[in-house]
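Numbered per our numbering, the sequence shown spans residues 2 to 403.
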Amino acid sequence: MMELSVRPIEVHATAHAESLAPRPNDLNQFCVGAAFVYAFAPSYRITRHNMFTSFSGRQRQLAGNTARKAEFSEIPNISLVDPEDRIIAQLRDACTRVGFFYIKDHGVPEDVMDQIFKTAKAFFDQPSDVKNEINYKRSPVMHGYEPMAEVRTDETKQADLNEAFNCGYEPDLDPEFGSDNTLAVATATDSPMVGPNAWPATSHFKVHVAAYYGQVLSLARRMVTLFARVLELPPDYFDSAVRQPGAMLRMLKYPAQDLASPDALGIGAHTDIEAFTILLQGTQPALQILNVEGQWIQAPPMPGTFVVNIGDMLARWSNDMFISTVHRVHNATGQERYSIPFFFGPSYDTVLNPLPTCVAEGKKAEYEPIVAGDYVWTRLARSRLSEEDAKTKAFVKDAAVA
2 MMELSVRPIE VHATAHAESL APRPNDLNQF CVGAAFVYAF APSYRITRHN MFTSFSGRQR
62 QLAGNTARKA EFSEIPNISL VDPEDRIIAQ LRDACTRVGF FYIKDHGVPE DVMDQIFKTA
122 KAFFDQPSDV KNEINYKRSP VMHGYEPMAE VRTDETKQAD LNEAFNCGYE PDLDPEFGSD
182 NTLAVATATD SPMVGPNAWP ATSHFKVHVA AYYGQVLSLA RRMVTLFARV LELPPDYFDS
242 AVRQPGAMLR MLKYPAQDLA SPDALGIGAH TDIEAFTILL QGTQPALQIL NVEGQWIQAP
302 PMPGTFVVNI GDMLARWSND MFISTVHRVH NATGQERYSI PFFFGPSYDT VLNPLPTCVA
362 EGKKAEYEPI VAGDYVWTRL ARSRLSEEDA KTKAFVKDAA VA
């Protein structure tokens with residue numbers, strides 16, 4: 002059985018004081034052979050070398066560019082009806098060793114999970130001019146419809162081969178809103194990420210999205226209490242930060258890809274921005290995870306489960322105790338694929354400081370404080386293409402787009 006221990010940070014990474022403004026030296030260089038994937042992560046300067054770098058600065062050498070099937074031990078499958086102490090132990094192992102895990106017995110009704118896929122398909126099957134009535138470029142916070150190839154996660158490769166619908170937190174989507182009389186009507190109003198959603202006129206669209214969003218939001222809050230226990234904090238430690246969270250739901254459609262093109266990826270190699278992601282996969286396998294042996298391993302769909310992965314915010318918060326793992330989407334099935342990721346983080350006015358239980362005596366905090374909403378905005382804006390690129394999409398091969 003392969004051991005997935007975390008390799009130490011190598012001398013290529015040099016810690017430095019960070020700033021919210023992106024600068025060339027503030028980019029982690031995710032190296033794939035001679036190519037580089039850039040993601041704004043200003044805690045390290047990485048020199049160019051033939052390695053793959055995670056958000057935290059750990060160096061990983063690629064063993065190859067194809068994905069193999071994962072062993073069970075590599076991507077744990079955690080039942081949320083197990084005794085809580087067992088769940089905590091399994092989460093501690095998964096979050097510190099792998100950064101990815103499945104959850105089952107989570108309480109989200111199967112019919113709600115099925116319906117969100119039907120809703121997504123019905124939306125994406127509409128003509129382009131109808132979908133573009135809520136184009137994300139009309140939104141101050143990037144909510145709405147993203148056409149095919151509008152985002153380039155890996156700046157050295159062609160645009161991501163997907164189209165998407167994005168929506169963020171609003172009280173109407175929150176089944177717990179108002180249950181606490183101290184809950185404010187709105188928070189973080191000066192954050193660049195706070196703004197209205199853009200809803201299509203499609204019949205019952207918002208109703209079905211709200212049903213799913215509310216279920217997964219409640220699940221995310223449950224996960225937060227479990228993560229608090231893993232981090233040896235009181236279960237309610239994060240409650241005030243997630244009353245009105247930075248929580249974005251995306252519905253994604255991936256076309257059948259051109260398998261002859263090695264650069265044809267549904268989403269390029271990256272780490273997620275927020276605290277963690279709860280992903281509902283469709284029936285087509287495409288998610289691939291980079292393990293510490295430098296191998297891409299498959300995370301195939303498992304009926305009735307979600308895939309959960311740790312994001313960069315929680316890696317920062319935990320002072321790198323939790324691992325934010327590099328992953329990508331390669332839809333090599335020859336068929337369309339749908340997925341529904343739910344990106345969950347604290348309210349956008351939350352200041353992220355390494356947690357007290359994660360800064361042991363004699364160990365320094367690896368990160369300077371940063372405001373959650375500013376951090377998300379900077380990262381998201383960086384991956385959206387320029388107006389000229391979006392118009393021409395010259396780097397997208399016609400054969401690669403269905």
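A virtual CB, placed ideally from N, CA and C, is assigned to each residue, including glycine.
Inspect the beta-carbon positions of residue i and residue j and report whether they are closer than 9 Å.
i    : j    : result
I117 : N78  : no
F277 : I311 : yes
F166 : F125 : yes
A404 : T351 : Absent from the model: residue 404. The displayed extent of the chain is 2 to 403, so no value can be given.
P176 : G215 : yes
Y137 : E151 : yes
V377 : E275 : yes
F307 : L220 : yes
Q341 : R251 : The sequence given here has Ile at residue 341, not Gln. Cβ distance < 9 Å, so I341 and R251 count as in contact.
L227 : L92  : yes
T272 : H205 : no
V82  : D115 : no
V225 : L266 : no
A211 : L174 : yes
P148 : E164 : yes
T203 : A270 : no
P201 : V142 : no
Which residues share a DSSP beta bridge with residue i?
i    : result
I279 : V309 and F343
Y255 : R338
H271 : H328
K105 : S80
G247 : G346
F166 : Y146 and M252
V352 : V372
W378 : Note: W378 sits in no beta bridge, so no partner.
L220 : L220 is not bridged to any residue.
N136 : Y146
Q289 : Q299 and R329
Can you tell me whether residue i is buried or exposed? The criterion is at least 16 other CB atoms within 10 Å of its CB, across all chains shown.
i    : result
K254 : buried
H328 : buried
P128 : exposed
R87  : exposed
V335 : Note that residue 335 is Gly in the sequence shown here, rather than Val. Flag for G335 reads exposed.
V208 : exposed
M303 : exposed
G283 : buried
D161 : buried
N26  : Low local confidence applies: a pLDDT of 30 at N26 is under 50, so the model's placement there is unreliable, with the coordinate-based value given in what follows. It counts as exposed.
E367 : buried
K158 : buried
A248 : buried
P370 : exposed
S384 : buried
P404 : No statement about residue 404 is possible, as the shown extent of the chain runs from 2 to 403 and does not include it.
D237 : exposed
G363 : exposed
A199 : buried
Kindly give me the distance between the Cβ atoms of residue i and residue j, rounded to whole angstroms, as I take these residues to be in contact under 8 Å.
i    : j    : result
A257 : E337 : 6 Å
C359 : V231 : Incorrect: roughly 11 Å between the Cβ atoms, too far for contact.
I279 : F343 : 4 Å
G145 : R139 : 7 Å
A373 : Y349 : 5 Å
E75  : G305 : Contact flag wrong, Cβ pair sits at about 20 Å.
T326 : L291 : 7 Å
V217 : V109 : 7 Å
K332 : Q285 : Here residue 332 is Asn; the residue named in the question, Lys, does not match the sequence. About 6 Å separates the two Cβ atoms, so the contact holds.
Y213 : V113 : 5 Å
Beta-carbon of residue i versus every beta-carbon of chain B: anything under 9 Å?
i    : result
L174 : Given the protein chain composition of this structure (a single chain), no chain B is represented.
| query | Counting Cβ pairs, one atom from each stretch, are 3 or more of them under 8 Å apart for the stretch 295 to 304 and the stretch 313 to 322? | reply | no
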